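So the sequence lines, in the order shown, correspond to chains A and B. Here our numbering = 1-based position in the first sequence + 59. Here our numbering = 1-based position in the second sequence + 30.
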Amino acid sequence: MKQLFSFIRKEFHHILRDKTTVMILLLMPVIQIVLFGFALSQEVKDTKVVVLANTSDDATRRIIDRVDASEYFDVAVVAHNSNDIDAAFRDGKAKLAMVFEDHFSENLKHTGKAHIQLIADATDPNAATSFLFYASNIITNYQQDLSPTQTNSGLITPEVKMLYNPQMKSAFNFVPGVLGMIMILICAMMTSIAIVREKEMGTMEILLVSPMKPIYTILSKIAPYFVLSVINFATIMLLSVFVLKVPIAGSFISLLTVSLLYIFVALSLGLLISTLTSSQLAAMMISGMGLMIPVMLLSGMIFPIENMPAFLRFISNFVPARWYIDAVKTIMIKGLGLGAVLKDVGVLVLMGTVLVTISLKKFKVRLG
Amino acid sequence: MDTVIKVENLTKRFGDFTAVDNITFEVKRGEIFGFLGANGAGKTTAMRMLCGLSIPTEGKGTVAGYDIFRQPELVKKSIGYMSQKFSMYEDLKVWENLELFGGIYGMHDKEIKIKTDELMGRLNFEEERDQLVKSLPLGFKQKLAFSVSIFHHPQVVFLDEPTGGVDPITRRRFWEMIYDATASGITVFVTTHYMDEAEYCDRVSIMVDGRIEALDSPMNLKRTYNAKNMDEVFQQLARKSTRKAD
């Protein structure tokens with residue numbers, strides 16, 4: 060026991076004296092949350108709109124007012140011809156154009172039919188899809204208010220409700236994603252680098268010649284990163300609840316349980332990487348390329364898994380973050396209990412057990 | 031005098047390559063045993079087997095009375111080790127390194143404290159006590175590394191090219207520390223390729239291509255090979271080598 064404590068203390072010294080790294084590790088979740096939350100926001104908010112209405116009449120004005128009044132849009136340019144619209148798109152002054160046909164109001168009154176053309180800047184297709192959806196909604200609403208019974212009597216109007224995330228806040232999606240990524244980064248990457256560093260420096264030899272039990276070496280390497288991960292988990296939770304206003308709908312204890320399980324899986328991944336490599340650079344490459352990219356791309360954090368080709372969908376089953384992120388979404392956003400995430404938990408337990416068994420077997424007590 | 035290291039027909043092969051070829055020798059308690067050889071002659075591999083870092087392919091050996099095959103854990107408790115790579119934690123303070131290794135070898139806090147005070151005084155390290163190891167000059171680090179390796183008073187200490195890269199005066203001082211250690215009953219097993227250091231050993235073995243070609247006191251070796259100094263002895267033997275140094 061004395062051995063273990065002496066060694067854990069040493070590990071904390073290593074980390075705390077490397078001020079740059081410790082700052083990076085502690086600030087990373089903050090920066091990521093801020094980046095994803097504000098800079099890379101996929102939410103539609105104050106999208107600039109250019110309108111073109113040759114005949115200014117009652118109906119066009121009302122629709123334009125509604126668009127302008129909504130929090131999603133901001134009517135920035137009033138165009139007089141199609142060249143103005145082109146210019147607005149080119150200069151980045153607008154992302155969406157609304158073109159009303161001539162005599163819009165009259166047509167609507169007399170024939171019950173009128174046309175609005177919506178032109179979207181689709182360089183970011185996801186954003187374009189969402190703001191087109193909002194614009195159509197505003198127009199449909201106007202139409203319903205105008206004639207709740209007569210004109211639409213033959214039409215089926217779907218009423219859309221966004222469950223769990225009525226405001227379509229992207230934070231609901233990326234908070235679990237950032238959690239999944241940070242844990243992998245700190246546990247897997249930093250742990251593997253910390254162990255490999257001892258190999259590279261030659262201090263591992265001294266430890267192997269000493270009566271230090273290998274399991275103690277491993278435990279003490281893991282301990283500080285475990286603490287760091289828990290701190291980061293707390294940071295992300297606080298930021299998400301108080302800054303991004305994403306509430307924890309389910310039980311916090313369930314969320315914590317799943318997160319601790321995921322930390323365990325990530326730590327055993329780090330251990331495995333450290334047994335496979337002998338240089339810090341290699342450890343960094345493997346964790347960077349082998350873990351970060353799958354976590355970013357295949358976990359459902361950015362791209363929905365359902366839309367992936369079958370092969371990638373299959374691969375994504377082996378990305379622990381996929382299961383963790385799913386579990387966090389279920390508990391944190393949907394507010395369901397542990398019972399709803401039994402599959403995720405089962406997969407993570409299985410992964411952790413397999414990884415830790417392999418890496419403990421491979422962790423060499425003797426150097427060849 | 032009793033025997034501290036006893037090795038019989040020890041062999042280590044890596045695939046087709048025989049790194050250590052059937053070596054046999056004994057080291058007596060309190061002796062300074064020099065283990066010489068050109069680069070790639072197999073001395074580091076042999077030493078690693080004695081420390082329990084590497085499993086012998088054939089042969090048997092005991093260190094401090096424990097079998098290197100069956101009781102590696104007991105062997106590890108009774109030895110100290112200092113490698114050619116500098117092996118302290120650079121981002122720990124001097125006293126923290128001592129405390130860490132004391133802890134790893136199961137020493138009590140009180141014992142660690144007393145021995146640390148005593149050591150700092152003896153080495154005149156009082157001012158450096160609170161400094162990070164990386165800020166110390168190489169000669170200091172080597173002295174410290176040696177002190178750490180014998181901090182728990184092992185029966186044998188293995189030194190793998192302990193004085194690489196320092197000037198002759200610093201080396202001489204280092205050897206004074208080695209003499210002090212043997213005076214307190216510690217057996218020293220040292221590899222080196224500085225031939226002046228070979229002269230300081232009680233007995234010297236010279237390895238060529240994985241085999242021990244000569245083993246005697248420096249004086250007897252010089253007489254046998256009709257040489258002025260150990261360097262000439264070494265040159266005569268090393269010439270037999272067919273293995274390419276790395």
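C-beta: ideal position from N, C-alpha, C; glycine also. If you're wondering where the values come from, they're calculated on a predicted model, not measured in any experiment.
Among the residues of the stretch 249 to 271 of chain A, those with a Cβ less than 8 angstroms away from any Cβ of chain B are M260, G261, T262, E264, I265, L266, L267, V268, S269, P270, M271, in the order of the chain. Between the alpha carbons of A:G349 and A:F373 lies a gap of roughly 16 angstroms. Per DSSP, the continuous alpha helix (DSSP H) segment holding A:S164 begins and ends at 163 to 170. Excluding sequence positions up to five before and after A:S337, its CB lies within less than 6 angstroms of the CB of K258, all in the same chain and listed in chain order. Nearest to A:V89 by C-alpha distance, out of A:I241, A:T389, A:V255, is A:I241. Comparing alpha carbon positions, the residue from B:Q161, B:T193, B:F170, B:N259 closest to A:R76 is B:Q161. Between the stretch 173 to 193 of chain B and the stretch 109 to 121 of chain B there are three or more C-beta pairs closer than 8 angstroms, enough to call the two in contact. Sixteen is the threshold: since fewer than 16 other Cβ atoms of the shown chains lie within 10 Å of the Cβ of A:K104, the residue is exposed. Between A:Q202 and the set A:A179, A:S164, A:L414, the nearest pair of CA atoms involves A:S164. In terms of beta-carbon proximity, A:K388 stays away from the interface with chain B, with every pair separated by 8 angstroms or more. For B:G64, the uninterrupted beta strand (DSSP E) run begins and ends at 62 to 67, by DSSP. If you look at B:D190, you'll find it in the beta strand (DSSP E) that goes 186 to 190. For B:S165, no Cβ of chain A is located within less than 8 angstroms of the residue's own Cβ.
A:H73 sits buried, since 16 or more C-beta atoms from the chains shown fall within 10 Å of its C-beta. Per DSSP, the continuous beta strand (DSSP E) segment holding B:G110 begins and ends at 109 to 112. Pairwise C-beta distances place the stretch 89 to 102 of chain B out of contact with the stretch 251 to 271 of chain B, as fewer than three of them are shorter than 8 angstroms. Around the beta carbon of A:K154, 16 or more other beta carbons sit within 10 angstroms, so the residue counts as buried. About 13 angstroms separates the Cβ atoms of A:M263 and B:I134, ruling out a contact at the 8 angstroms cut-off. The beta carbon of B:S247 is closer than 6 angstroms to those of R233 in its chain, skipping five residues each way along the sequence. In this structure, the straight-line span from the alpha carbon of B:T221 to that of B:V50 is close to 15 angstroms.
DSSP places A:N376 in the coil class of the three-state scheme, outside both helix and strand. For A:R68, the enclosing alpha helix (DSSP H) starts and ends at 61 to 76. When rounded, the separation of the alpha-carbon atoms in A:D124 and A:F97 is 27 angstroms. The continuous stretches of beta strand (DSSP E) do not include B:A71, and DSSP gives it neither H nor E. If one requires a minimum length of 3 residues, the beta strand (DSSP E) runs lying completely within the stretch 75 to 127 of chain A are 106 to 112, in chain order. Taking a beta-carbon distance threshold of 8 angstroms, B:L251 does not count as an interface residue toward chain A. Under the 8 angstroms criterion on CB atoms, B:E88 is classed as non-interfacial with respect to chain A. Counting only residues of its own chain and dropping the five nearest sequence neighbours on each side, A:L356 has a CB closer than 8 angstroms to the CB of F362. Apart from sequence neighbours up to five positions away, the residues of its chain that approach A:L335 with a beta-carbon distance below 8 angstroms are I345, K421, ordered along the chain. From the listed residues A:S129, A:L371, A:V109, the smallest Cα separation to A:N142 is found for A:V109. Around A:R76, the beta-carbon contacts reaching into chain B at under 9 angstroms are D121, L122, L162. Here B:G89 carries a strand assignment [DSSP, helix/strand/coil].
Those residues of the stretch 279 to 292 of chain A placed with their C-beta closer than 9 angstroms to a C-beta in chain B do not exist.
Rounded to whole angstroms, B:E56 and B:V37 show a C-alpha spacing of 6 angstroms. As DSSP reads the structure, B:T221 sits in a beta bridge with B:F65, B:D190.
Secondary structure of B:R241 (DSSP, three-state): strand.
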